[in-house]
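Below is one structure, written out as structure tokens; the observations come after it.
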Amino acid sequence: MCAKPKILVIGSSNTDMTVVSDHLPASGETVMGGVFCMGPGGKGANQAVCASRLGADVTFVCKVGNDLFGDNALDGYKAEGVDVSHVLRSEKPTGSALILVDKKGENVISVAPGANSDFTLEDIDRLEDVIKGADYLLLQLEIPIPCVARAAEIAHAAGVFVILNPAPACALPPQLFKNVSLLIPNRTELEIFSGKDPSLSLSEAVAEVMKKGVDNVIVTLGADGALVCSHGSFSSVPACKVVAVDTTAAGDTFCGGVCVGLSEGLSLEEAARFATKASALTVQKVGAQNSLPFRNEII
Ligand code: RIB
Numbered sequence: 229m230c231a232k233p234k235i236l237v238i239g240s241s242n243t244d245m246t247v248v249s250d251h252l253p254a255s256g257e258t259v260m261g262g263v264f265c266m267g268p269g270g271k272g273a274n275q276a277v278c279a280s281r282l283g284a285d286v287t288f289v290c291k292v293g294n295d296l297f298g299d300n301a302l303d304g305y306k307a308e309g310v311d312v313s314h315v316l317r318s319e320k321p322t323g324s325a326l327i328l329v330d331k332k333g334e335n336v337i338s339v340a341p342g343a344n345s346d347f348t349l350e351d352i353d354r355l356e357d358v359i360k361g362a363d364y365l366l367l368q369l370e371i372p373i374p375c376v377a378r379a380a381e382i383a384h385a386a387g388v389f390v391i392l393n394p395a396p397a398c399a400l401p402p403q404l405f406k407n408v409s410l411l412i413p414n415r416t417e418l419e420i421f422s423g424k425d426p427s428l429s430l431s432e433a434v435a436e437v438m439k440k441g442v443d444n445v446i447v448t449l450g451a452d453g454a455l456v457c458s459h460g461s462f463s464s465v466p467a468c469k470v471v472a473v474d475t476t477a478a479g480d481t482f483c484g485g486v487c488v489g490l491s492e493g494l495s496l497e498e499a500a501r502f503a504t505k506a507s508a509l510t511v512q513k514v515g516a517q518n519s520l521p522f523r524n525e526i527i
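Residue numbers (the numbering used here): 229 to 527.
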């Protein structure tokens with residue numbers, strides 16, 4: 229039997245504390261009557277666990293604190309079948325995120341990155357063989373950008389397929405785009421990377437981003453599905469019609485799903501359809517990793 233393609237995720241690990249209430253508080257307002265839950269999160273961790281639940285061979289590298297939250301996170305990733313043998317520890321506390329969700333499932337998130345911000349270029353350089361040994365590298369922007377850029381550079385030079393989910397959006401070094409095989413922004417991130425020109429249509433904005441050197445882009449559009457663009461040709465993937473209770477980690481599920489789909493030989497559009505079904509399951513439950521789907525749930 230052939231070995232499965234290796235997916236490497238380098239990124240953040242957080243502890244998420246979520247309150248679901250009727251509406252999001254305005255500045256200075258206190259909203260009563262919410263329901264609290266706590267669980268593992270972080271865009272990197274969510275994408276790694278998602279890919280593992282969908283059946284892939286996943287290694288996850290993150291940096292956590294020498295604390296109970298860090299220990300719990302690693303125990304959780306191991307239990308999910310994720311290889312955590314290269315995880316790093318920091319003197320800073322494990323990252324945490326405070327998440328508020330309203331009755332429509334929309335959220336606001338504030339992150340204290342803690343140990344995630346302690347990743348160094350030396351850490352990435354020490355991972356060189358692990359990066360070169362992967363088939364897919366999945367990256368986000370919750371660890372220092374120079375580390376993301378260095379990991380992408382090593383991977384790209386070794387012929388590894390690099391997927392970047394540019395979340396949360398921030399200024400990126402131009403060379404990073406050239407080392408990315410597939411960019412998966414949401415609408416807001418696309419706007420930022422295409423120059424915030426309101427006169428541009430969605431496909432024109434994608435074309436602007438592709439000029440930076442990315443061959444493939446999938447824009448996630450929430451309830452409007454996704455726009456897939458590969459080497460200049462566009463196709464739309466509709467969203468599944470579901471009632472969302474919490475959209476946290478929907479984007480992470482999509483990225484994990486696309487990566488797994490591609491690793492199984494699907495086309496970009498087929499992988500986006502598969503990932504859309506996975507995300508539709510995530511939004512029907514509260515929480516980040518707690519809500520990620522398993523392979524047998526996707527029909
Ligand atoms: O994408 C969702 C994630 O963003 C949450 O799990 C939270 O930790 C933040 O990183």
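Cβ coordinates follow ideal geometry from the N, Cα and C atoms, glycine included.
Between residue i and residue j, is the Cβ-Cβ spacing less than 7 Å?
{"i": "Ala-451", "j": "Ala-477", "result": "no"}
{"i": "Ala-284", "j": "Val-488", "result": "yes"}
{"i": "Glu-417", "j": "Lys-271", "result": "no"}
{"i": "Ala-508", "j": "Gly-485", "result": "no"}
{"i": "Thr-287", "j": "Leu-349", "result": "no"}
{"i": "Asp-363", "j": "Pro-233", "result": "yes"}
{"i": "Leu-392", "j": "Leu-411", "result": "yes"}
{"i": "Val-445", "j": "Gly-453", "result": "no"}
Can you tell me which of the three DSSP states residue i falls into?
{"i": "Asp-443", "result": "coil"}
{"i": "Val-529", "result": "Nothing can be reported for residue 529: it is not among the residues displayed for the chain, which extend from 229 to 527."}
Taking just the CA atoms, how far does residue j sit from residue i?
{"i": "Ser-427", "j": "Leu-296", "result": "49 Å"}
{"i": "Thr-481", "j": "Val-310", "result": "16 Å"}
{"i": "Val-358", "j": "Ser-318", "result": "20 Å"}
{"i": "Ala-499", "j": "Glu-432", "result": "23 Å"}
{"i": "Phe-421", "j": "Ala-377", "result": "16 Å"}
{"i": "Glu-497", "j": "Gln-275", "result": "19 Å"}
{"i": "Gln-403", "j": "Gly-262", "result": "44 Å"}
{"i": "Thr-258", "j": "Leu-494", "result": "47 Å"}
{"i": "Ala-395", "j": "Gln-368", "result": "6 Å"}
{"i": "Ala-273", "j": "Glu-436", "result": "30 Å"}
For the alpha helix (DSSP H) containing residue i, name the first residue and the last one.
{"i": "Ile-235", "result": "Run containing Ile-235: none in the alpha helix (DSSP H); it sits in the beta strand (DSSP E), 234 to 238."}
{"i": "Cys-278", "result": "271 to 281"}
{"i": "Arg-415", "result": "415 to 421"}
{"i": "Ser-249", "result": "Unbroken run through Ser-249: none, as it is neither H nor E."}
{"i": "Ala-231", "result": "No alpha helix (DSSP H) contains Ala-231, which DSSP labels as neither H nor E."}
{"i": "Glu-525", "result": "Taken as a continuous stretch (DSSP letters only), Glu-525 belongs to no alpha helix (DSSP H), as it is neither H nor E."}
{"i": "Leu-428", "result": "Looking at the DSSP string, Leu-428 is not in any alpha helix (DSSP H), and its letter there is neither H nor E."}
Locate the beta strand (DSSP E) running through residue i, then write down its first and last residues.
{"i": "Val-289", "result": "285 to 289"}
{"i": "Met-260", "result": "First-last for Met-260: undefined, no H or E at that position."}
Run through the stretch 341 to 411 for me and flag every whole alpha helix (DSSP H) of 4 or more residues, listed as ranges in chain order.
-> 349 to 354, 356 to 360, 373 to 385 and 402 to 406
Can you give, in chain order, each stretch of the beta strand (DSSP E) that sits fully within the stretch 449 to 506 and has at least 3 residues?
-> Taken in chain order, the complete beta strand (DSSP E) segments of 3 residues or longer contained in the stretch 449 to 506 are 454 to 458 and 461 to 465.
Where in the stretch 295 to 347 do unbroken runs of the beta strand (DSSP E), each at least 3 residues long, occur, reported from the N-terminal end onward?
-> Within the stretch 295 to 347, the runs of beta strand (DSSP E) at least 3 residues long that lie entirely inside it are, in chain order, 316 to 318, 323 to 329 and 335 to 340.
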